[in-house]
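**Q** FYI, in the working numbering the residues of the sequence shown are 14 to 115.
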Amino acid sequence: MDDEYAEAVLSVVERIPPGRAMSYGAIADVVGSSLGRGGPRQVGTVMSTVGGTVPWWRVVTAAGRPPRGHEVRALAEFAAEGTPLTRDGERVDLRRAAWYPD
14 MDDEYAEAVL
24 SVVERIPPGR
34 AMSYGAIADV
44 VGSSLGRGGP
54 RQVGTVMSTV
64 GGTVPWWRVV
74 TAAGRPPRGH
84 EVRALAEFAA
94 EGTPLTRDGE
104 RVDLRRAAWY
114 PD
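#1: Just confirm the distance between the C-beta atoms of residue 91 and residue 70, as a whole number of angstroms; I'd bet it's less than 8 angstroms.
#2: If you compare alpha carbons, which of 20, 25, 19, 32 is closest to residue 97?
#3: Over the uninterrupted alpha helix (DSSP H) stretch that includes residue 74, give me the two end residues.
#4: Could you tell me whether the Cβ atoms of residue 80 and residue 25 are closer together than 9 angstroms?
#5: Identify every residue that forms a DSSP beta bridge with residue 36.
#6: With a 10 Å radius around its C-beta and 16 neighbouring C-beta atoms as the bar for buried, classify residue 87 as buried or exposed.
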């Protein structure tokens, strides 16, 4: 794994405010605009490898789903932060919760 890329991803994730979320693809776009490389899968690799030190639950799929195997914990974090969810309560409503850095 590229340390520079990993640090850039973690930096973006650390800045996502409580109650908000970003998709893997959105993070890849932000990081890619400065480093010129990477994509959603690379963001996923960073998050699964070293993402435990940042608010990982704020990173979701393009459909608003939390990471597989971590749904229960992520949904508890969303509830605690007041993150807008879809009607079924299983996904983040990205229309209302999406965040992008300035």
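Where a beta carbon is used, it is the ideal one built from N, C-alpha and C, also for glycine.
**A** According to the structure data:
#1: 7 angstroms
#2: 32
#3: First-last for residue 74: undefined, no H or E at that position.
#4: No, the Cβ-Cβ distance between residue 80 and residue 25 is not below 9 angstroms.
#5: 73
#6: Within a 10 Å sphere around the beta-carbon of residue 87 sit 16 or more other beta-carbons, which makes this residue buried.
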